[in-house]
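Structure record follows, encoded as structure tokens.
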């Protein structure tokens, strides 16, 4: 064994010798602050146990983490020896207050060293280093690096933790798989503890929030964040009020992932989060505005939060963002507005009074070039169309022609919400709206949607047509399409689950008085299906069956 006084003696040997001296000879002879030195003795004993375990289990460890830690411990013990000598003298040369402060500082360092040793020992990174394979897979390399960084984030100085955080962000930003691996290794609880770690600088906390936001961007990891509950949520909300533009933006991204939970949404609403988010929508960076609107959009999905949003004047703020924000900010603002005004007539009127129709028109026309964001645009059109006076304005402002274009788009979700918008506009807009929708070409794409693969698309198509065909001219357009009647009859089939049968029944009831349509219905099996619907007590089915000719036609045309 090397002489412990030698410059190249290993830090564990040096530290164990210092510990033996302090515990056996030096501390028992102090004259001052015996109570504090008694506490120090407890910490030193724990440290001695850890270092002995390290020297036994990892005698040849050259891992950078262990070397840095042991060197730091060695320096602390050197200071402890000097301080204990000072406390042995009858007169405190440095004064009582300074000596007491030095002792408190020593106790704090010893506590950190004990904690760091415990973390390092349990982390398994030293075993990993000792048994490292010559060649490993990329995933295993990322696992190893993640465990190493997780350990570094929990031990050492604030500077070393900041360096580890920079390395972690680089690793997480490489690809989503790295995020998944790091989460599996336990990074999320460590990040939350770092947000709760008082010595962390504001810069370190914002970098930690950036890491949390990166984790939140990977769907498979969101539940791990949600499991951290209110502790994480409260830290993120504090950043909204006191962080920089960078930190606020990252906090909003993380809050978007967390605000899908009803409990978290309620917590955000009750902790002043709504007012903070609305302020960001007005004065934040472009990125933070989009993310803040995204959080508000999630919150608006919960009915109990809507009142809070209204009280904070959210409608006007969101309209402002929908007018001037980035495309994503506009999309999120409009999506939030849709939920906010869906059940309240006065709020729909407020949107119109505040220029909402012109804002919607501008957004729709710009989004239409890429189809991006069209779903929220069509949805708010549907919501606005629930009010009869507003429906008339929408028709006069040219939204019928816009709807026709959307009904023909290649995005299923957009077609579905467009069908619902046609239904709402047809109900509220009356004869004028139905006539214009027929003349502009809504009928043909809706007939095509009747044969769509998704049951929901079939249903919205037949809903919309059941309203539009109440206008005589639209029935003539419908009858010209050879597939129309047959497609609707197929929707009567009870084996087709998840579709409200009252809509195809009501549509066929509008056409059954046409002899040619009635023949098509019977030939397509309408009698068989309708008889079953009568037995199921579906609204309007009995009357439709009577119109089809009941038993007389049944005997001639019915098919099994």
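Numbering (the UniProt record's numbering), first residue to last: 1 to 560.
All C-beta atoms in this analysis are idealised placements derived from N, C-alpha and C, irrespective of residue type, glycine included.
- Taking a cut-off of 8 Å for Cβ pairs, the stretch 223–239 and the stretch 295–304 do not touch, as fewer than three such pairs fall below it.
- One Cα belongs to residue 453, the other to residue 116, and the distance between them is close to 59 Å.
- Residue 512: not part of any alpha helix (DSSP H); DSSP gives it neither H nor E.
- The three-state secondary structure of residue 409, taken from DSSP, is coil.
- For the pair residue 351 and residue 319, the CB atoms are nearer than the 8 Å cut-off.
- Put simply, the backbone Cα of residue 270 is about 60 Å away from that of residue 520.
- Around the beta carbon of residue 289, a 10 Å sphere encloses 16 or more other beta carbons of the protein chains shown; the residue is thus reported as buried.
- Residue 87 is not a Cβ neighbour of residue 50, given a cutoff of 8 Å.
- Residue environment for residue 93: exposed (fewer than 16 other C-beta atoms within 10 angstroms of its C-beta).
- With a 10 Å radius around the Cβ and a threshold of 16 neighbouring Cβ atoms, residue 166 comes out exposed.
- If one requires a minimum length of 4 residues, the alpha helix (DSSP H) runs lying completely within the stretch 84–169 are 96–123, 125–130, 138–152, in chain order.
- Judged by DSSP secondary structure, residue 306 falls within the alpha helix (DSSP H) whose first and last residues are 303–311.
- Counted as a single uninterrupted DSSP element, the alpha helix (DSSP H) harbouring residue 273 occupies residues 273–283.
- Taken through DSSP and simplified to helix, strand or coil, residue 494 comes out as coil.
- The beta carbon of residue 71 sits closer than 8 Å to those of 11, all from its chain and outside the five residues before and after it, given in chain order.
- Residue 244 carries a coil assignment under DSSP once its states are collapsed to helix, strand and coil.
- Using a Cβ-Cβ distance cut-off of 8 Å, the stretch 96–113 and the stretch 178–193 are not in contact, since fewer than three pairs of beta carbons, one from each stretch, lie closer than that value.
- Inclusion of residue 499 and residue 458 in the CB contact set at 8 Å is warranted, their separation being smaller than that value.
- A straight-line Cα-Cα distance of about 16 Å links residue 67 and residue 161.
- Exclusion of the five residues before and after residue 447 leaves 481, 484 as the residues of its chain whose Cβ lies within less than 6 Å of its Cβ.
- Rounded to the nearest whole angstrom, the C-alpha separation of residue 283 and residue 317 is 11 Å.
- Around the C-beta of residue 147, 16 or more other C-beta atoms lie within 10 Å, and the residue is accordingly described as buried.
- Annotation for residue 527: the continuous alpha helix (DSSP H) segment containing it runs 526–535.
- Non-local beta-carbon contacts of residue 465 in its own chain, meaning distances under 6 Å to residues more than five positions away in sequence, involve 446, 507 in chain order.
- In this structure, the CA atom of residue 215 is about 15 Å from the CA atom of residue 149.
- Cβ-Cβ distances below 6 Å link residue 254 to 212, 213, 216, 236 in the same chain, with the five nearest sequence neighbours on each side left out; the list follows chain order.
- Bounds of the alpha helix (DSSP H) holding residue 35 are 34–57.
- Closest in C-alpha terms to residue 378, from the list 539, 335, 125, comes 335.
- Bounds of the alpha helix (DSSP H) holding residue 478 are 472–479.
- Here residue 15 is not near residue 89, since their CB atoms are 8 Å or more apart.
- One alpha carbon belongs to residue 531, the other to residue 442, and they sit about 31 Å apart.
- Membership of residue 176 in the alpha helix (DSSP H) is indicated by the continuous run 176–184.
- Per DSSP, residue 538 lies in no alpha helix (DSSP H) segment and is marked neither H nor E.
- In the structure shown, residue 517 adopts helical secondary structure according to DSSP, grouped into three states.
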